[in-house]
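S.K.:
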Amino acid sequence: MGSIRDKAIKSVWTIIIFGIVSKILGFIKEILIASKIGCCFRTDAYFIAFTGATLLAEILGEGISTSMVPVLLKIETKEGKEKKIGYVNNLLHIIMLTSLILMILGWFLSPIIIRIMAKGFRGEEFHLAVKLMRVGLHIISLIMIRSVFVAYLQSNHGFKAGAKSWVYYNIVYIIYLVLFNQYGTYGLMVAGILASLSQLFSVIPASKNMGYRYEKKLDIKDVYLKEMLIVMLPILLALSINRINIIVDKTVASSLSAGSISWLNYANDIIQLVLGIFVTAIVTVLFPIISQEYHGEDVESLKNTMKKGMGWILNIIVPATLILVLLSEPIVRLFFQRGAFGPEATHMTAKALTYYALGLGSMAFVLILTKIHYAMHDSLTPTIHAILGVIINIILSIVLSEYMGTAGIALATSISTTLVTILLITGLNNKMKVIDIHKNWKSLIKFILRAIIMAIAVWVSFNLLGDNFLGLIISIVLGIGIYVGMD
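Using the numbering used here, you'd call the opening residue of the sequence shown number 192 and step up by one each time.
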């Protein structure tokens, strides 16, 4: 048992390390896109086209890899590894045929898809988005085929290759942006195809090392195929709901001024950097522990683990939120303002970042609360709340964007995510009292005071030191130091 746990912990840290590296590289990629291409109708067209080309494939890919693992383990237990490899090859051929059909349909439907996703696109911007989407459709097959190999690796407790593949993915983009950026958004889309290809090539050798070998097999009546589809459908629904929010923001932004989609995209990149490096790491480590304690019916340990996890997240997210709200413009300037990304783009991106940051805590809590519900075998509650969140986000995005532009879209996301968080906490407390404000009011007051003192320190020090790189870094370090020192 100890050996299995040690291996699991090692695997988790491997995923975290590669996750951190890939997030940093991904952020460098976005900085280079901002610098080399900037915020204009071309980048708006690219971001919409890339989403249109890959959204369904990403949902299907994640659904395949998630639902395939338990089926593969069942096949291996009941019928042996040979049957398992045969099933992988059968599914591989079915996925190839499915992706080919999706690519053909995508080619003909791309004008309609772009029109739905970006109703504000006209003329050259619309035609560019359609052309870019058609180029990007080649990514579909690469994403879906990769998902099959990732599932096979995970069923053999192999996580390193899948995590490492995202590092290769971002490196390919960076090479293009540094050396070949003269080819613009068309070249950027081709770089996306090559990046996805590098991911596929990174998981195939690892699969072979774990016993996989290719063989021709196609059987659409396979009993395990039906079983996998039944498992996959609710997963696809949950994944689709999460992606809809992305489309909503970009669709509403497409009706605003040129560059709006890009401003939102860059602001969200900063938010995702915080979530991806810190929150995802905590959730990844805690999820198996919470699941194990739930199955062991150790209620007190389960509640303590949940409280610790949420406490850790709170202690990371609160200072991060304050820093992003108070110093949004200098932070955006530091990361993005160079080359084609000018002062106006910095100002507009910073406004969006401020309102996204207001919901950073809610975004973090949704991640851990959803995992807690999954660990307790309740996937319905998070799905229902997510649907409600999307509806609220759509309404608020349309209304607030009329008065606040892109900032209104970011605020709508923060408000809707906060409401979902409240619902998830309420549902969890109904099952077991995890969060009790009445019992912890003294700790809450101390927590608020720490946050206020930190905010004052950051604001005063930045204004005294001046709006420059050194002033920004010192202010952030000082604020975090005060916050941690008062704990």
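The C-beta atom is built at its ideal place from N, Cα and C for all residues, glycine as well.
Could you pull the start and end residues of the alpha helix (DSSP H) that Gly277 belongs to?
M.R.: Unbroken alpha helix (DSSP H) run through Gly277: Lys272 to Met308.
S.K.: Check the C-beta distance from Gly502 over to Leu477 and give it rounded, since I have them as a contact under 8 Å.
M.R.: Wrong, their Cβ atoms sit about 11 Å apart, outside the cutoff.
S.K.: Is it buried or exposed for Arg680, if we count other Cβ within 10 angstroms and need 16 for buried?
M.R.: Residue 680 lies beyond the stretch modelled for the chain, which goes from 192 to 678, so this question has no answer here.
S.K.: Suppose only complete runs of 3+ residues qualify. What are the beta strand (DSSP E) ranges in the segment 411–445, listed by chain order?
M.R.: Listed in chain order, there is nothing to give.
S.K.: Quick one: grab the DSSP three-state call for Arg404.
M.R.: Three-state result, Arg404: coil.
S.K.: Cα-Cα, which of Leu430, Phe526 and His329 is closest to Leu296?
M.R.: The residue with the shortest Cα to Cα distance from Leu296 is His329.
S.K.: Determine the extent of the alpha helix (DSSP H) in which Met497 is found, giving its start and end residues.
M.R.: Its alpha helix (DSSP H) spans residues Val490 to Leu517.
S.K.: From Ile222 to Asn281, what does the alpha carbon distance come to, in whole angstroms?
M.R.: Between Ile222 and Asn281, the C-alpha separation is close to 41 Å.
S.K.: Whose C-alpha, out of Val470, Leu619 and Ser301, is nearest the C-alpha of Gly552?
M.R.: The residue with the shortest Cα to Cα distance from Gly552 is Val470.
S.K.: If you draw a straight line from the C-alpha of Thr681 to the C-alpha of Met677, how long is it?
M.R.: Lying outside 192 to 678, the shown extent of the chain, residue 681 is not represented and no answer is given.
S.K.: Nearest CA to the CA of Asn506: which residue from Ser634, Ser592 and Ile578?
M.R.: Minimum Cα distance to Asn506 is reached at Ser634.
S.K.: Using alpha carbons as the reference points, say which of Val590, Ala352, Thr245 and Lys498 lies closest to Ser431.
M.R.: Cα-wise, what sits closest to Ser431 is Thr245.
S.K.: Would you mind sorting Arg306 into buried or exposed? The rule is 16 or more other CB atoms within 10 Å of its CB.
M.R.: With fewer than 16 Cβ atoms within 10 Å of its Cβ, Arg306 is classed as exposed.
S.K.: Which of helix, strand or coil does DSSP assign to Ala543?
M.R.: Of the three classes helix, strand and coil, the one that applies to Ala543 here is helix, per DSSP.
S.K.: Given this structure, state the Cα-to-Cα distance separating Leu669 from Tyr343, to the nearest angstrom.
M.R.: Rounded to the nearest angstrom, the two C-alpha atoms are 47 Å apart.
S.K.: Who are the Cβ neighbours of Thr205 in its own chain at under 8 Å, not counting the five residues just before and after it?
M.R.: These residues qualify, in order along the chain: Phe350, Lys351 and Ala354.
S.K.: Just the Cα atoms here: how many angstroms apart are Met287 and Met335?
M.R.: Looking at the two C-alpha atoms, the distance is approximately 8 Å.
S.K.: Tell me the rounded alpha-carbon separation between Ile578 and Leu466.
M.R.: Approximately 22 Å between the Cα atoms of the pair.
S.K.: Below 8 Å on the Cβ atoms is my guess for Ile481 versus Met497; work out the distance and round it to an integer in Å.
M.R.: That belief holds up - the Cβ atoms of Ile481 and Met497 are roughly 7 Å apart, short of 8 Å.
S.K.: Taking just the CA atoms, how far does Gly277 sit from Arg313?
M.R.: The straight-line gap from Cα to Cα measures roughly 49 Å.
S.K.: On a CA-only basis, which of Thr597, Leu558, Tyr674 and Leu517 is nearest Val651? Give me that one, please.
M.R.: Residue Leu517 is the option with its Cα nearest to Val651.
S.K.: Quick one: using the 10 Å Cβ neighbour count with 16 as the cut-off for buried, is Ile292 buried or exposed?
M.R.: Classification of Ile292: exposed, given that the 10 Å Cβ count is below 16.
S.K.: Do the segment 637–653 and the segment 603–616 make contact, defined as three or more Cβ pairs closer than 8 Å?
M.R.: No, the segment 637–653 is not in contact with the segment 603–616.
S.K.: Please return the same chain residues whose Cβ sits closer than 7 Å to the Cβ of Gly580, not counting the five positions on each side in sequence.
M.R.: Excluding residues within five positions, the ones whose Cβ falls inside 7 Å are Ser607, Thr608, Leu610 and Val611.
S.K.: Do you know offhand how far Ile208's Cα is from Lys214's?
M.R.: The straight-line gap from Cα to Cα measures roughly 10 Å.
S.K.: In angstroms with no decimal places, state the Cα-to-Cα distance between Arg434 and Leu427.
M.R.: The straight-line gap from Cα to Cα measures roughly 10 Å.
S.K.: Is Phe350 near the ligand SAH, in the sense that its beta carbon is under 7 Å from a heavy atom of that ligand?
M.R.: As presented, the structure is devoid of all ligands, the ligand SAH included, so that no description of it is given.
S.K.: Taking the alpha helix (DSSP H) that Asp658 falls in, what are its first and last residues?
M.R.: Where Asp658 is concerned, there is no enclosing alpha helix (DSSP H), given that its DSSP letter is neither H nor E.
S.K.: Is the CB-CB distance between Leu216 and Val339 below 8 Å?
M.R.: In this structure, Val339 does not lie closer than 8 Å to Leu216 by Cβ.
S.K.: CA-CA distance, Ile461 and Val326?
M.R.: Going by the C-alpha atoms only, they are around 28 Å apart.
S.K.: So, do the segment 584–598 and the segment 444–452 have three or more beta carbon pairs nearer to each other than 8 Å?
M.R.: Short answer: they touch.
S.K.: Counting only the same chain and skipping the five closest in sequence on each side, list residues whose C-beta sits under 6 Å from that of Glu253.
M.R.: Excluding positions up to five away in sequence, the list reads Leu430.
S.K.: Closest to Glu593 by C-alpha separation, out of Ser446, Tyr367 and Phe392, would be which residue?
M.R.: Comparing Cα-Cα distances from Glu593 to each of Ser446, Tyr367 and Phe392, the minimum goes to Ser446.
S.K.: Among residues of its own chain, excluding the 5 on either side of Ile671, which ones have a beta-carbon nearer than 6 Å to its beta-carbon?
M.R.: Contacts found: Pro510.
S.K.: Taking three-plus beta-carbon pairs below 8 Å as touching, is the segment 648–663 in contact with the segment 521–538?
M.R.: Because the criterion of three Cβ pairs below 8 Å is met, the segment 648–663 and the segment 521–538 touch.
S.K.: Count the other CB atoms within 10 Å of the CB of Ile542; is the residue buried (16 or more) or exposed (fewer)?
M.R.: The sequence shown places Lys at residue 542, not Ile. Under this definition Lys542 is a buried residue.
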